[in-house]
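As given, the protein sequences belong to chains A and B, one line each in that order.
The opening residue of the first sequence carries number 143 in the numbering used here; numbering runs sequentially from there.
The opening residue of the second sequence carries number -16 in the numbering used here; numbering runs sequentially from there.
The beta carbon of each residue, even a glycine, is placed where N, CA and C say it ideally should be.
Heads up: the structure comes next, in structure tokens.
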Amino acid sequence: KQEVTQIPAALSVPEGENLVLNCSFTDSAIYNLQWFRQDPGKGLTSLLLIQSSQREQTSGRLNASLDKSSGRSTLYIAASQPGDSATYLCAVLPQGGSEKLVFGKGTKLTVNP
Amino acid sequence: GAGVSQSPSNKVTEKGKDVELRCDPISGHTALYWYRQSLGQGLEFLIYFQGNSAPDKSGLPSDRFSAERTGGSVSTLTIQRTQQEDSAVYLCASSLGDPGGGYGYTFGSGTRLTVV
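Pasting the structure below:
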């Protein structure tokens, strides 16, 4: 059974700092990995989608990497801003018939002005 | 539409009443998913529709929960005889095709259900 773990559960940083969020998964047989952002009381906003054949994806100040063989992904946020404060969720889409995203519990990020 | 639309955004209901939650996926998306997010918990899969195939209902927590998808588009999640433990945010997502195609999910803003 695929399990996704995100470390740390919460992170507080000063504005301007570069930071890394970690995600690990137990089964490397995945179609893709997706990073989402969730603001309090809101739905999920997709940030980056990495296919299993890819190593990384970039969007603006965000960079996500994927090392499928070791079951790890990182989300790098450059020059953090208070508006980046949110919960960041990592999810993998397993191969082998389950056909539904498996989520980690998220990392709650607070960027202090 | 431009995104996944869910209604209502908030619903307060009395214990024992039935509720219906609606999801309108992105036009052309064949896959539709319902998830539940309870306070302080991760996202819990409920049900998955793909095209005309039989839905994957393996995540529904009890027989009080049911869902249908009409015409391959709009979906309704029904909870009968609501209980306080049903209080959660119910999230709907859609995707362009089957997982092998590598498509990502797009989520709606969710329905916050409170059972009092």
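For residue i, tell me which candidate among the options has the shortest Cα-Cα distance.
| i | options | result |
| --- | --- | --- |
| Leu29 of chain B | B:Arg64, B:Tyr18, B:Gln67 | B:Tyr18 |
| Cys165 of chain A | A:Pro156, A:Ser201, A:Thr252, A:Asp209 | A:Asp209 |
| Gly202 of chain A | A:Ser211, A:Gln148, A:Lys184, A:Tyr218 | A:Tyr218 |
| Leu186 of chain A | B:Thr97, B:Cys75, B:Val99, B:Gly11 | B:Cys75 |
| Gly246 of chain A | B:Leu79, B:Gln20, B:Glu51, B:Val(-5) | B:Gln20 |
| Gly160 of chain B | B:Tyr73, B:Ser41, B:Gly84, B:Gln63 | Residue 160 of chain B is absent from the model: chain B starts at -16 and stops at 99. |
| Gly55 of chain B | B:Lys(-2), B:Pro44, B:Ser36, B:Leu43 | B:Ser36 |
| Gly84 of chain B | A:Pro156, A:Lys184, A:Asp226, A:Ser195 | A:Ser195 |
| Glu145 of chain A | A:Asp226, A:Glu241, A:Gly213 | A:Gly213 |
Whole angstroms is fine: what's the gap from residue i's alpha carbon to residue j's?
| i | j | result |
| --- | --- | --- |
| Phe178 of chain A | Ala171 of chain A | 20 Å |
| Ala228 of chain A | Gly25 of chain B | 15 Å |
| Thr105 of chain B | Ser222 of chain A | Outside the modelled stretch of chain B, which goes from -16 to 99, sits residue 105 of chain B, for which no answer is possible. |
| Ile9 of chain B | Ser215 of chain A | 28 Å |
| Leu22 of chain B | Ala71 of chain B | 7 Å |
| Asp1 of chain B | Ser(-12) of chain B | 21 Å |
| Leu231 of chain A | Gln148 of chain A | 8 Å |
| Ala151 of chain A | Asp181 of chain A | 15 Å |
| Gln67 of chain B | Ser211 of chain A | 42 Å |
| Asn254 of chain A | Glu51 of chain B | 44 Å |
| Pro224 of chain A | Ser188 of chain A | 19 Å |
| Lys40 of chain B | Gly93 of chain B | 19 Å |
| Tyr88 of chain B | Asp226 of chain A | 21 Å |
| Lys(-2) of chain B | Phe48 of chain B | 15 Å |
| Gln63 of chain B | Lys143 of chain A | 30 Å |
| Pro44 of chain B | Glu241 of chain A | 18 Å |
| Phe167 of chain A | Asp46 of chain B | 31 Å |
| Gly183 of chain A | Leu204 of chain A | 23 Å |
Excluding the 5 residues flanking residue i on each side, which residues of the same chain have their C-beta closer than 6 Å to its C-beta?
| i | result |
| --- | --- |
| Gln193 of chain A | Asn174 |
| Pro38 of chain B | Ile30, Phe32 |
| Gly34 of chain B | Thr13 |
| Arg5 of chain B | Ser(-10), Thr59 |
| Glu3 of chain B | Thr59, Thr61 |
| Leu79 of chain B | His12, Tyr86 |
| Gln199 of chain A | Leu190, Ile192, Ala206 |
| Asn(-7) of chain B | Arg95 |
| Asp69 of chain B | Ile62, Val98 |
| Tyr16 of chain B | Tyr31, Ala76 |
| Asp7 of chain B | Ser(-12), Val57 |
What residues in its chain sit with their C-beta under 8 Å from that of residue i, if we drop five residues either side in the sequence?
| i | result |
| --- | --- |
| Leu153 of chain A | Leu161, Leu163, Thr249, Lys250, Leu251, Thr252 |
| Leu243 of chain A | Gln176, Ala233, Val234, Leu235 |
| Gly238 of chain A | Ala171 |
| Thr(-4) of chain B | Val2, Thr65, Leu96, Thr97, Val98, Val99 |
| Ala(-15) of chain B | Ile9 |
Given that residue i touches chain D, what residues does it touch there, using C-beta distances under 7 Å?
| i | result |
| --- | --- |
| Leu243 of chain A | No chain D is present in this structure, whose protein chains are A and B. |
Flag residue i as yes when its Cβ comes closer than 8 Å to any non-hydrogen atom of the ligand COA, and as no otherwise.
| i | result |
| --- | --- |
| Asp7 of chain B | Ligands in the displayed structure: none, and consequently the ligand COA is not present. |
Looking only at its chain, what residues have a beta carbon closer than 7 Å to the beta carbon of residue i, apart from the 5 residues adjacent to it on each side?
| i | result |
| --- | --- |
| Arg197 of chain A | Ser207, Leu208 |
| Gly158 of chain A | Ala221, Ser222 |
| Pro156 of chain A | Asn254 |
| Asp169 of chain A | Gln144, Pro236 |
| Gly42 of chain B | Glu27, Phe28, Leu29, Ile30 |
### Start-end ranges of the beta strand (DSSP E) lying completely within the segment -11 to 75 of chain B, minimum 3 residues
-7 to -4, 2 to 7, 14 to 20, 26 to 33, 48 to 52, 58 to 62
### Message
Give the list of continuous beta strand (DSSP E) stretches no shorter than 3 residues that lie fully inside the segment 167 to 203 of chain A.
### Response
172 to 180, 186 to 193, 198 to 201
### Task
Could you pull out every unbroken alpha helix (DSSP H) segment of at least 4 residues lying fully inside the segment 202 to 241 of chain A, listed in chain order?
none
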